[in-house]
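Below: the structure, in structure tokens.
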Amino acid sequence: MDAQHLNLLYLIVAAAVATYVTRFGGYVLITQLKNIPPRLGSALNAVPAAVLTTLVAPAFVYGGMDVAAAMLVAFVIGLRFSTLRMLLVGWIAVMAIRHLIL
Amino acid sequence: MSRGDFREGLRGGFPIMLAASPFGALFGALAVDNGFSIADAVFMSATVYAGASQMVGIELFGSNVQPWLVVLSVFAVNFRHVLYSASLARHIRHFSFVQKLIAFFLLVDPQYAETEQRGQRGLPVTFAWYAGFGIVIYVPWIINTLIGAIFGQLIGDPKAIGLDVLLPVYFLGLVMSFRTRDRFLPIVAVSAVASVAGMHFVGSPWHVSIGALAGILLAACLPPKRPAVQVHAAEKEA
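Chains as they are written, first to last, in our numbering: chain R, 1 to 102; chain X, 103 to 340.
So this is what it looks like as structure tokens:
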């Protein structure tokens with residue numbers, strides 16, 4: 001097993017531990033803490049949207065016209081339908097652009 | 103352990119398992135595309151067992167982001183589970199210590215939602231029911247990862263069959279699932295601009311931390327609308 005692969009395994013284990021901490025952390029906290037300060041609460045509430053946006057916006061800007069167009073179509077679908085349909089429609093859109101237009 | 107409760111759990115989790123299956127296979131295929139071996143992908147599904155954060159993990163790993171940042175991002179995406187386990191406390195108080203350890207491991211979004219509903223309806227939340235519901239989602243999740251990873255290994259160029267668009271669209275869907283939260287639009291706008299600027303001026307791995315920090319700081323600086331952290335029904339992705 002080479003060093004890079006070993007690092008990946010460590011990374012996965014660390015991610016698993018981090019996840020497990022979130023899954024019992026609330027149980028431990030609720031028995032200790034009465035409430036969370038409002039600003040900390042707002043910051044924590046913002047974490048998922050802020051993190052995930054950093055994975056979406058650059059892909060939209062630098063991913064090429066085909067990816068950007070497919071993401072726009074998927075966005076419209078996502079306003080009404082499930083993530084699974086977004087994926088399906090986004091995938092169909094990018095395939096259509098690549099094979100029919102470009 | 104009551105067999106009736108266990109079977110009832112299995113039946114309840116079955117439709118969730120069907121809905122999650124394509125995501126399990128998708129994860130397997132994309133993990134292989136991002137440089138994971140089949141065994142790595144299966145290992146991650148079996149140990150982390152949190153779809154969205156697994157996707158984030160392979161995406162960041164593929165772009166050579168520093169390990170601590172990958173783990174932090176996984177933690178951030180899974181942070182909602184803190185709220186789940188906090189709110190679950192009153193329903194699983196009667197579980198033994200070992201049962202609690204198992205219950206926390208299986209605590210994915212639908213598991214939380216279903217347990218919470220069951221508790222509110224006044225139905226007994228037994229460990230047998232909880233385990234049945236969890237196992238029928240957990241085991242197929244691993245098997246579907248394996249199937250997706252094997253299938254992904256067979257694919258030559260992921261771009262030729264449009265695989266590369268699936269992660270950005272998936273993340274877009276995740277972002278949209280938080281759209282009922284306070285200050286959603288300003289946070290997303292600031293994080294989007296900061297991450298693109300970070301990508302442009304600093305370089306690839308750092309755009310994640312720069313963009314995320316910008317959005318979180320904005321949220322902390324704006325006057326809070328409602329006091330406490332809330333669990334939103336919109337967050338139903340596995």
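Cβ coordinates follow ideal geometry from the N, Cα and C atoms, glycine included.
Put residue i into one of helix, strand or coil per three-state DSSP.
i, result
"Asp-142 (chain X)", "helix"
"Ser-279 (chain X)", "coil"
"His-193 (chain X)", "coil"
"Phe-163 (chain X)", "helix"
"Phe-229 (chain X)", "helix"
"Tyr-240 (chain X)", "helix"
"Lys-202 (chain X)", "helix"
"Ala-178 (chain X)", "helix"
"Gly-221 (chain X)", "helix"
"Ala-299 (chain X)", "helix"
"Ala-152 (chain X)", "coil"
"Pro-37 (chain R)", "coil"
"Lys-338 (chain X)", "Any reading at Lys-338 (chain X) needs caution, since the residue's pLDDT is 44, under 50, leaving its predicted position unreliable; the model's value is listed next. In this structure, Lys-338 (chain X) counts as coil in the three-state DSSP scheme."
"Pro-260 (chain X)", "coil"
"Asn-246 (chain X)", "helix"
"Arg-105 (chain X)", "helix"
"Ser-82 (chain R)", "coil"
"Val-73 (chain R)", "helix"
"Val-21 (chain R)", "helix"
Compute the Euclidean distance between the alpha carbons of residue i and residue j, then round it to the nearest angstrom.
i, j, result
"Ala-336 (chain X)", "Phe-138 (chain X)", "Bear in mind that the predicted position of Ala-336 (chain X) carries a pLDDT of just 39, short of 50, making it unreliable; the figure below should be weighed with that in mind. So the two alpha carbons sit approximately 31 Å from each other."
"His-334 (chain X)", "Ala-251 (chain X)", "Unreliable placement is indicated for His-334 (chain X), whose pLDDT of 45 sits below 50; the coordinate value is still reported in the next sentence. Each residue's Cα considered, the two are about 32 Å apart."
"Met-65 (chain R)", "Ala-141 (chain X)", "35 Å"
"Val-28 (chain R)", "Tyr-20 (chain R)", "12 Å"
"Ser-175 (chain X)", "Val-158 (chain X)", "7 Å"
"Ala-93 (chain R)", "Ile-77 (chain R)", "12 Å"
"Gly-106 (chain X)", "Leu-185 (chain X)", "30 Å"
"Phe-280 (chain X)", "Ile-318 (chain X)", "14 Å"
"Leu-55 (chain R)", "Ser-104 (chain X)", "45 Å"
"Met-119 (chain X)", "Val-179 (chain X)", "21 Å"
"Leu-268 (chain X)", "Phe-24 (chain R)", "31 Å"
"Ser-258 (chain X)", "Asn-35 (chain R)", "Residue identity differs from the one stated: residue 258 (chain X) is Gly in this sequence, not Ser. Near 52 Å, if we compare the C-alpha coordinates of Asn-35 (chain R) and Gly-258 (chain X)."
"Thr-31 (chain R)", "Val-200 (chain X)", "18 Å"
"Met-278 (chain X)", "Phe-81 (chain R)", "11 Å"
"His-99 (chain R)", "Gly-224 (chain X)", "55 Å"
"Phe-181 (chain X)", "Leu-9 (chain R)", "22 Å"
"Gly-264 (chain X)", "Ala-57 (chain R)", "19 Å"
"Val-238 (chain X)", "Ala-215 (chain X)", "16 Å"
Keeping to the same chain, check which residues put their C-beta closer than 7 Å to that of residue i; ignore five residues upstream and five downstream.
i, result
"His-342 (chain X)", "With chain X represented from 103 up to 340, any question about residue 342 (chain X) goes unanswered, as that position is not in the structure."
"Phe-60 (chain R)", "Ala-68 and Met-71"
"Arg-109 (chain X)", "Gly-234"
"Val-144 (chain X)", "Ile-244, Thr-247, Leu-248 and Ala-251"
"Gln-332 (chain X)", "Its pLDDT being 48, under 50, Gln-332 (chain X) is placed unreliably in this model, and the value from its coordinates should be taken loosely. Result list for Gln-332 (chain X): empty, nothing under 7 Å."
"Ser-187 (chain X)", "Phe-206 and Leu-209"
Out of the options, which one is the CA nearest neighbour of residue i?
i, options, result
"Leu-52 (chain R)", "X:Arg-192, X:Arg-285 and X:Val-271", "X:Val-271"
"Met-146 (chain X)", "R:His-99, R:Ala-15 and R:Ile-36", "R:Ala-15"
"Lys-11 (chain R)", "X:Ala-314, X:Gln-156, X:Val-304 and X:Phe-116", "Residue 11 (chain R) is actually Leu in this sequence, not Lys. When only C-alpha atoms are compared, the closest one is X:Gln-156."
"Leu-315 (chain X)", "R:Arg-23, R:Pro-48, R:Gly-25 and R:Asn-35", "R:Pro-48"
"Pro-169 (chain X)", "X:Ile-312, X:Met-301, X:Asp-284 and X:Pro-307", "X:Pro-307"
"Asp-266 (chain X)", "X:Ala-133, X:Ala-121, X:Gly-111 and X:Ala-122", "X:Ala-133"
"Asp-284 (chain X)", "R:Arg-98, R:Ala-46, R:His-99 and R:Pro-58", "R:Ala-46"
"Ile-289 (chain X)", "X:His-302, X:Met-301 and X:Leu-320", "X:Leu-320"
"Ile-97 (chain R)", "X:Ala-262, X:Phe-181 and X:Ser-123", "X:Ala-262"
"Tyr-62 (chain R)", "X:Ala-322, X:Thr-282, X:Ser-297 and X:Ile-312", "X:Ser-297"
"Leu-274 (chain X)", "R:Asn-7, R:Leu-79 and R:His-5", "R:Leu-79"
"Pro-403 (chain X)", "X:Pro-242, X:Leu-190 and X:Val-172", "In this structure chain X extends from 103 to 340, so residue 403 (chain X) is not present and cannot be described."
"Thr-22 (chain R)", "X:Ala-121, X:Gly-115 and X:Leu-190", "X:Leu-190"
What residues in its chain sit with their C-beta under 8 Å from that of residue i, if we drop five residues either side in the sequence?
i, result
"Asn-49 (chain X)", "Residue 49 (chain X) lies beyond the range of chain X shown here (103 to 340); nothing can be said about it."
"Val-227 (chain X)", "His-193, Ile-194, Thr-217, Arg-220 and Gly-221"
"Tyr-240 (chain X)", "Tyr-151 and Leu-208"
"Phe-253 (chain X)", "Ala-127, Gly-130 and Ala-131"
Residues in the same chain with beta-carbon distance under 6 Å from residue i, minus the five sequence neighbours each way, listed in chain order, please.
i, result
"Thr-90 (chain R)", "Strictly speaking, residue 90 (chain R) in this sequence is Gly, with Thr absent from that position. Hits under 6 Å: Ala-70 and Ala-74."
"Val-17 (chain R)", "none"
"Met-301 (chain X)", "His-309"
"Pro-260 (chain X)", "Asp-135 and Asp-266"
Sorry if obvious, but does the Cβ on residue i come closer than 7 Å to a heavy atom of the ligand FAD?
i, result
"Pro-226 (chain X)", "Looking for the ligand FAD in the displayed structure turns up nothing, as the structure carries no ligands at all."
Query raised in the report: Looking at C-beta atoms only, is the number of pairs between the region 227 to 236 of chain X and the region 194 to 209 of chain X that lie closer than 8 Å three or more?
Result: Yes: the two stretches touch, three or more of their Cβ pairs being nearer than 8 Å.
**Report entry** Given 8 Å, three or more beta-carbon pairs between the region 75 to 88 of chain R and the region 290 to 298 of chain X
**Finding:** no
Query raised in the report: Can at least three beta-carbon pairs, one atom from the region 153 to 164 of chain X and one from the region 186 to 196 of chain X, be found at a separation below 8 Å?
Result: no
Report task. State whether the region 35 to 46 of chain R contacts the region 316 to 329 of chain X, with contact taken as three or more CB pairs (one from each stretch) at a distance under 8 Å. Result -> yes
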